[in-house]
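Chains A and V, in that order, give the protein sequences.
Numbered according to numbering that gives the first Met the number 0, the first sequence spans residues 0 to 181.
Numbered according to numbering that gives the first Met the number 0, the second sequence spans residues 0 to 815.
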Amino acid sequence: MLVLVLGDLHIPHRSSSVPAKFKKLLVPGKIQHILCTGNLCTKESFDYLKTLASDIHVVRGDFDENMSYPELKVVTVGQFRIGLCHGHQVVPWDDTESLALIQRQLDVDILITGHTHKFQAFEHEEKFYINPGSITGAYSPLDSKVAPSFVLLDIQQSTVIAYVYQLVGEEVKVERIEYKKC
Amino acid sequence: MMTPQEEQEKLLEEALTVVRTQSFQMKRCLDKSKLMDGLKHASNMLSELRTSLLSPKSYYELYMAISDELCHLETYLLDEFSKGRKVTDLYELVQYAGNIIPRLYLLITVGVVYIKSNELSRKDILKDLVEMCRGVQHPLRGLFLRNYLLQCTKNVLPDAEEDAEGGEVSVMSHAAPRAIAGLNKMVNSSDADAGTVRDSIDFIQLNFAEMNKLWVRMQHQGHSRDREKREQERRELRILVGTNLVRLSQLECVDVEKYKKLVLPGVLEQVVSCKDAIAQEYLMECVIQVFPDEYHLQTLNSFLQACADLHPDVNVKNVIIALIDRLAQFSHKGDVARTIPTEIQLFDIFSQQISLIIQNRPDMPPEDIVSLQVALINLALKCYPTKLDYVDKVLETTEEIFHRLNLDHLNASGAVSRELMRLMKIPVDNYNNVLELLKLEHYGPLMEYFDYQARKSMSIHLILNALENETSIPSPEQVEGILSLVGPLIQDQTDQPEKEDEEDFVEEQGYMGRFIQLLSGATTDQQYLILNTARKHFGNGGNRRIRHTLPAIVFAAYRLALKYYEFREEDEKWEKKCQKIFQFCHQTIGALIKAELAELPLRLFLQGALVISQMEFENHETVAYEFMSQAFTLYEDEISDSKAQLAAITLIISTFEKISCFGEESHEPLRTQCALAASKLLKKPDQCRGVTTCSHMFWSGKSRDGGGKEMRDGKRVMECLKKAGRIANQCMDKSVQVQLYVEILNSHIYFYEKGCSEIQITTLNELIAKIQEDIPNLESNDESDQINKHFANTIAHLKLAKQQSSPNYSYAGLDV
């Protein structure tokens with residue numbers, strides 16, 4: 000089961016489009032679910048996601064125009080409960096313990112957040128935390144060097160393999176991280 | 000009563016039956032070497048071609064059937080001749096056939112046999128045959144007869160430069176339909192005069208001229224009410240005439256010189272002088288198709304001159320366009336671009352000749368004139384890709400024409416507008432670089448001739464082209480240029496309709512926002528000027544547009560400020576420049592506020608404060624403070640929805656927590672304001688959560704006076720958490736209350752594990768006990784399930800943490 004995890008596009012306020020090299024990799028029909036951390040910001044980006052997969056979950060980012068996206072969302076994929084939250088509401092930003100508070104509240108195995116535009120994937124107290132970064136490499140006041148990135152989760156029974164794609168210069172680099180549910 | 004269709008079928012079937020019978024008899028006689036009888040049957044068969052009753056289609060079928068049978072006769076005769084069994088004076092003998100149609104078909108057949116057997120002078124026979132065919136002046140029958148002549152002589156036309164052997168050449172006598180006498184004078188030996196390619200050219204030219212005359216004559220046959228049917232029938236027969244040109248092109252010894260001097264002039268003369276539109280249009284296009292492009296290049300002027308002299312009903316535009324497109328293709332064939340020889344000023348020739356043609360045809364519809372310009376611009380771009388001035392010339396010409404014809408405000412659905420749009424899109428799609436368009440002086444002025452719909456469509460096309468090609472715009476002048484070209488997307492136009500589709504509008508403004516991302520000055524100072532220029536243009540967009548476009552400009556400005564900061568060592572004026580930038584941002588966000596927006600400007604101010612706090616320019620603390628207080632003002636004055644209020648105050652607090660440039664003098668009032676705002680939220684749960692959020696300000700917030708270190712004011716943190724607890728107690732909904740307790744417990748844990756010594760284990764134990772007491776009393780539903788899980792996870796975490804040791808805290812004494 001393939002799940003595309005991405006967010007912080009910030010189109011058109013801070014970025015023009017998803018990098019062409021990424022668009023080529025994202026082929027419609029291969030992905031079952033899309034989990035988006037928010038800050039699309041407009042319908043145009045949502046429509047693009049719709050062409051990639053039919054099941055899309057979006058949570059509200061601080062610049063999203065669509066106010067009806069929820070603040071928090073829990074999605075079950077296979078054996079995993081996955082929590083989704085943009086992260087600007089979690090104070091302080093980018094603090095593992097404050098993210099853990101959300102994880103406990105939502106009772107999820109995997110917590111996906113964004114906002115920092117910095118890719119992260121780590122285990123903490125046997126739970127998996129993912130930040131897919133910004134797929135467009137959008138500017139962030141918190142980080143001067145933002146490389147475009149997104150994550151593809153391959154969920155098989157009780158194992159998740161996270162493939163993180165990063166655009167470094169002109170090259171697409173892929174890394175592989177594994178997480179097993181206990 | 001039979002339909003005309005059925006009648007034709009019947010007549011054809013009857014004729015074919017005769018053909019079958021007579022050809023069978025002919026073959027039987029030939030098998031028995033009874034030549035004369037065989038010829039008699041052939042003659043009977045050929046008599047069917049004398050009919051006037053068949054339509055061209057049916058006549059063609061009959062003709063094909065008979066041609067096949069005549070092949071058999073030709074083969075027999077060739078065989079006899081090769082075995083030395085010549086039939087004396089066969090050429091004369093066949094001319095004694097009764098009627099002219101059978102007579103001439105047989106004459107041609109025999110003539111070809113003579114040529115193939117090297118009997119008599121090939122040149123003379125050919126000349127004789129082509130002249131003799133004059134005897135049939137009926138258009139349909141004449142066309143097919145001469146076609147038979149062409150087909151039979153296909154492989155025997157002389158194709159050599161010099162005479163094969165010197166030999167006496169006799170002169171044919173012309174007018175007589177039965178040229179008996181002259182033939183006897185022909186040299187009767189194997190040193191026959193084979194003829195040269197010139198003779199072939201003459202032969203074909205004459206055949207062509209006669210066929211064309213017959214073809215044109217068809218136009219005037221019969222009643223005027225059947226004209227359309229006749230014209231259709233003429234078109235069905237056009238390939239018969241065209242085959243002459245094909246044959247000319249197949250002569251190998253015709254090089255470009257001969258083409259120029261001997262072939263083309265004759266053909267053009269015939270085409271122009273026949274003054275028939277159907278013939279002219281077909282034959283001109285035929286010439287283009289059939290002869291190589293190298294020849295066309297050398298004969299452009301004469302060809303185009305002829306075009307100018309064509310009948311007014313001829314669609315000369317199609318002819319010219321066919322020629323231009325071919326030549327444009329020619330220069331691009333294969334891997335290596337073939338360049339047009341520099342002596343041939345292709346563009347100039349076409350440009351001038353097309354002007355002449357347009358002048359000569361005052362009734363030419365404007366869309367056709369534009370189509371010719373389209374062909375010209377394609378020529379310029381394909382054959383002379385580096386010459387921008389050619390492209391501009393075409394645009395200039397078009398503008399002049401429009402001006403002359405007093406055209407204006409072209410209706411988007413009309414043909415002229417559509418052709419003009421085609422024209423204007425070509426440079427865009429060809430260069431794939433909108434900056435090149437700015438070099439075309441006449442591009443902008445030409446846009447003004449469109450109506451609103453078309454101008455908008457063109458603008459979108461331009462912007463999308465820039466976005467797809469990621470074209471960077473490096474200078475303010477170029478920004479000015481492009482934004483001026485796409486007026487309908489920037490601001491209200493005088494001719495725009497009252498209502499437009501809202502979704503489309505938003506999508507288009509999205510394109511403009513994305514376009515702003517392409518503005519990328521060559522230097523930071525250039526970029527500043529660019530942003531100013533852009534701001535001016537987009538500012539004119541009105542409230543509907545600026546909410547989509549100005550945010551992008553603000554972010555671009557923030558990025559620029561960071562750039563100045565990054566390279567501050569190299570620029571002594573960087574501080575003043577940054578101050579100017581933030582003034583610019585302040586004013587730009589102000590415009591959004593005037594447009595009655597609140598949440599967006601609030602967020603933009605907060606973003607600005609974050610940026611400012613990272614850059615130590617002179618009085619940056621004041622500017623950051625100003626941005627924060629603007630955000631607060633918006634919060635207090637404009638945001639009334641309680642959900643929006645919670646979201647906004649949370650954002651303000653979380654942003655503030657990250658800002659470390661404020662001295663205590665500024666930091667304190669901001670802290671206080673946040674705390675106050677949180678405690679004044681309408682709903683109790685929101686208040687509780689808001690106050691909890693405030694605790695983080697006191698813990699990890701940084702003021703400049705603290706030397707960049709976290710405040711870690713545990714006392715204030717506890718005050719917040721206690722207050723949050725009190726507010727939770729006031730909640731009437733039990734499950735909400737318990738939920739809040741669990742959250743507050745988790746907050747306690749958070750600060751305890753960060754090392755906040757003001758939090759006691761006893762407090763934690765009390766909280767845990769309270770929750771354990773209340774949870775069982777909750778009604779069983781989804782909500783309480785969630786609360787249970789939340790609490791269970793919390794306890795699990797505490798158990799785990801209690802087992803592990805940490806330098807910051809110890810859970811000894813915790814009741815879990």
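Don't be surprised by glycine CBs; every beta carbon is placed ideally from N, CA and C.
Please read these numbers as outputs of a predicted model, since none were measured by experiment.
Same chain, Cβ closer than 8 Å to residue i, neighbours up to 5 away in sequence not counted
| i | result |
| --- | --- |
| residue 324(V) | 374, 377 |
| residue 204(A) | In this structure chain A extends from 0 to 181, so residue 204(A) is not present and cannot be described. |
| residue 109(V) | 76, 89, 90, 93 |
| residue 509(V) | 547 |
Check whether residue i and residue j have beta carbons under 9 Å apart
| i | j | result |
| --- | --- | --- |
| residue 242(V) | residue 154(V) | no |
| residue 5(A) | residue 35(A) | yes |
| residue 48(V) | residue 10(V) | no |
| residue 263(V) | residue 286(V) | yes |
| residue 61(A) | residue 602(V) | yes |
| residue 481(V) | residue 406(V) | no |
| residue 597(V) | residue 658(V) | no |
| residue 208(V) | residue 265(V) | yes |
| residue 165(A) | residue 77(A) | no |
| residue 343(V) | residue 303(V) | no |
Secondary structure of residue i, DSSP reduced to three states
| i | result |
| --- | --- |
| residue 109(A) | strand |
| residue 121(A) | strand |
| residue 116(V) | coil |
| residue 513(V) | helix |
| residue 134(A) | coil |
| residue 616(V) | coil |
| residue 290(V) | coil |
| residue 182(V) | Only weak support exists for where residue 182(V) lies, its pLDDT of 47 falling under 50; the coordinates are left without a value. |
| residue 143(V) | helix |
| residue 711(V) | coil |
| residue 134(V) | helix |
| residue 306(V) | helix |
| residue 525(V) | helix |
Cα-Cα separation, residue i to residue j
| i | j | result |
| --- | --- | --- |
| residue 191(V) | residue 156(V) | The predicted position of residue 191(V) is uncertain, since its pLDDT is 47 and thus under 50; a value taken from the coordinates is nonetheless stated next. Approximately 14 Å between the Cα atoms of the pair. |
| residue 124(A) | residue 106(A) | 13 Å |
| residue 552(V) | residue 522(V) | 17 Å |
| residue 45(A) | residue 327(V) | 43 Å |
| residue 222(V) | residue 236(V) | 19 Å |
| residue 755(V) | residue 469(V) | 52 Å |
| residue 750(V) | residue 689(V) | 16 Å |
| residue 485(V) | residue 678(V) | 50 Å |
| residue 582(V) | residue 530(V) | 13 Å |
| residue 86(A) | residue 129(A) | 12 Å |
| residue 291(V) | residue 364(V) | 31 Å |
| residue 276(V) | residue 2(V) | 32 Å |
| residue 440(V) | residue 18(A) | 34 Å |
| residue 388(V) | residue 371(V) | 18 Å |
Residue of the options minimising C-alpha distance to residue i
| i | options | result |
| --- | --- | --- |
| residue 764(V) | 779(V), 748(V), 774(V) | 748(V) |
| residue 199(V) | 704(V), 246(V), 223(V) | 246(V) |
| residue 794(V) | 741(V), 96(V), 370(V) | 741(V) |
| residue 14(V) | 705(V), 57(V), 613(V), 28(V) | 57(V) |
| residue 558(V) | 55(A), 142(A), 172(A) | 142(A) |
| residue 112(A) | 14(A), 17(A), 12(A), 150(A) | 150(A) |
| residue 215(V) | 668(V), 280(V), 422(V) | 280(V) |
| residue 624(V) | 515(V), 635(V), 607(V) | 607(V) |
| residue 477(V) | 515(V), 449(V), 502(V), 467(V) | 515(V) |
Residues near residue i in its chain [Cβ-Cβ closer than 6 Å; skip 5 each side]
| i | result |
| --- | --- |
| residue 766(V) | 744 |
| residue 116(V) | 80 |
Same chain, Cβ closer than 7 Å to residue i, five either side skipped, listed in chain order
| i | result |
| --- | --- |
| residue 305(V) | 267, 270, 271 |
| residue 183(V) | Low confidence applies to residue 183(V): its pLDDT is 43, below 50, so where it sits in the model is not reliable, and the reading given next is rough at best. Cβ neighbours of residue 183(V) beyond the five flanking positions: none. |
| residue 103(V) | 131, 132, 134, 135, 144 |
| residue 174(V) | Low local confidence applies: a pLDDT of 39 at residue 174(V) is under 50, so the model's placement there is unreliable, with the coordinate-based value given in what follows. Taken in chain order, the list of residues that qualify is empty. |
- Below 9 Å between beta carbons is the criterion; list the residues of the segment 81-93 of chain A that meet it against any residue of chain D, in chain order. No chain D appears in this structure, whose protein chains are A and V.
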